[in-house]
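Chains A and B, in that order, are what the protein sequence lines are. Position one of the first sequence corresponds to residue 37 (our numbering), numbered consecutively onward. Position one of the second sequence corresponds to residue 37 (our numbering), numbered consecutively onward. This report concerns only the one structure given below.
Number of protein chains: 2
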Amino acid sequence: MAPDQESVSTAIQEPLCAVFRRRLKQAGHKYTPERARILDAIIRIDDIFDAETLQRALSAGGHDVSKATVYRTLKLLQDAGIIQQLMIDPEQSRWQLVYGRSPRAVLIRVDTDEITPIDLPGLDELCRRACADRGLRLEGRRLHIFATGD
Amino acid sequence: MAPDQESVSTAIQEPLCAVFRRRLKQAGHKYTPERARILDAIIRIDDIFDAETLQRALSAGGHDVSKATVYRTLKLLQDAGIIQQLMIDPEQSRWQLVYGRSPRAVLIRVDTDEITPIDLPGLDELCRRACADRGLRLEGRRLHIFATGD
DNA sequence: GTCGGTGCAAATGCTTTGCATTGAT
DNA sequence: ATCAATGCAAAGCATTTGCACCGAC
């Protein structure tokens, strides 16, 4: 149980909260109700989100969590490889769930400000090759596409 | 002279400062020495840069420019399509020259924090197709690749 | 001569941090 | 019981803005 190295298939089947709990323990952190609720809210949102949206979703669910804890937990979730921080606009950070799946690209409509995560087959291979060509190992990627409607 | 729509080949041959001056005039702005010097410094840096690096380069060249003007001019250069704002880390923005060429991807060594712009043939086509599939027109893109050495 | 630009210092707003209290293990 | 986590309010810090003076057109 709880192998140090887990395959992606294992990852997909294991509940995310269990993954988070294990990663926290490995790093000497505690698994608190606040942290559980934050991850839960992120899973429910199932989209790109910012800190304020997340905090509001928590409040709406009857669980007020302080801004400080939200930010501290987001960092932990990032360190655990569960979420990825996007930097779409410099005003505020947004995050997306990435654990157990290929990070999606982000499509930004510059005319409507609509933000949509999309799958882009072939992107991973492109990045992997770019790294391999330089003797490096791909650790992550972030693609923002800016587009406009006709 | 000074066509409203210019081809890429024209763009490459025309000095960037002339492009900037023209775009400023079109938008009812003035072409000031500070703005000229800022663009000049950016061209000389010829790499990814942040606001502080840019301001220091200007000072080193004997031309002090205020932080406020640096930021205001960066926004104008961005609106003119001459530079692109990157958001590599949430601490501070960085920019790169993009006028007349395909924006380069950014390779970030997570072990050394080294940041290198790279060309990634095929990326443009990938993004263009993703937009076309959704009836959109590609306006820009930003790819950050995180990698580590062995 | 007109407006827009510049520099300074103050303001802004997201994110982080210090500290006393609370709670997971 | 211990040591980390929480919440609050205050601090940080890159970036923006108000305002008086200056300068491109």
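Note that beta-carbon positions come from the ideal geometry of N, C-alpha and C, so glycine has one too.
Residues of chain B with a Cβ closer than 8 Å to the Cβ of residue 171 of chain A are, in chain order, 185 and 186. Across the structure, residue 134 of chain B and residue 107 of chain A are spaced so that their CA atoms are roughly 34 Å apart. Around residue 176 of chain B, the beta-carbon contacts reaching into chain A at under 7 Å are 182.
The alpha-carbon of residue 109 of chain A is positioned some 10 Å away from that of residue 68 of chain A. By a beta-carbon distance limit of 8 Å, residue 75 of chain B contacts residue 113 of chain B. Their separation comes to about 7 Å.
Sorting A/136, A/129, A/166 and A/146 by C-alpha distance to the C-alpha of residue 85 of chain A places A/129 at the top. In the DSSP assignment, residue 181 of chain A falls within the unbroken beta strand (DSSP E) covering 172-185. Contact of residue 129 of chain A with chain B by beta-carbon distance below 8 Å involves 126.
Considering only B/119, B/104, B/95 and B/91, the residue with the shortest C-alpha distance to residue 53 of chain B is B/119. Ranked by how close their Cα comes to the Cα of residue 132 of chain A, the residues A/167, A/78 and A/180 have A/78 in first place. Apart from the 5 residues on each side of it in sequence, residue 105 of chain B sits with its Cβ closer than 7 Å to the Cβ of 70 in its chain, given in chain order.
Around the beta carbon of residue 91 of chain A, 16 or more other beta carbons sit within 10 angstroms, so the residue counts as buried. Against chain A, the beta carbon of residue 54 of chain B has no neighbour under 8 Å; the closest one sits roughly 26 Å away. Judged by DSSP secondary structure, residue 141 of chain B falls within the beta strand (DSSP E) whose first and last residues are 141-145.
In the three-state reduction of the DSSP assignment, residue 155 of chain A falls in the coil class, being assigned neither a helical nor a strand state.
Within chain B, the residues whose beta carbon sits less than 7 Å from that of residue 158 of chain A are 162, listed in sequence order. Inclusion of residue 177 of chain B and residue 151 of chain A in the CB contact set at 7 Å is not warranted, their separation being larger than that value. For the pair residue 185 of chain A and residue 162 of chain B, the CB atoms are not nearer than the 7 Å cut-off. For residue 79 of chain B, there is no enclosing beta strand (DSSP E); the residue is part of the alpha helix (DSSP H) that begins and ends at 69-81.
For the stretch 129-156 of chain A, the beta-carbon criterion of a distance under 8 Å to any beta-carbon of chain B is satisfied by 129, 141, 143, 145, 146, 154 and 156. Counting only Cβ-Cβ distances below 8 Å, residue 121 of chain A has contacts in chain B at 126, in chain order. If you look at residue 130 of chain A, you'll find it in the beta strand (DSSP E) that goes 128-133. Restricting attention to A/170, A/121, A/183 and A/155, the CA atom closest to the CA of residue 149 of chain A is found in A/183. Residues of the stretch 81-93 of chain B with a C-beta atom less than 8 Å from some C-beta of chain A do not occur. Beta-bridge analysis with DSSP links residue 119 of chain B to B/133. Going by DSSP, residue 95 of chain A is part of the alpha helix (DSSP H) stretching over 87-96.
Residue 125 of chain A is bridged by DSSP to A/128.
Cα atoms of residue 140 of chain B and residue 97 of chain A: separation of roughly 43 Å, rounded to the nearest angstrom.
The beta carbon of residue 143 of chain B sits closer than 6 Å to the beta carbons of 152, 154 and 181 from its chain, once the five residues preceding and following it are set aside; these are given in chain order.
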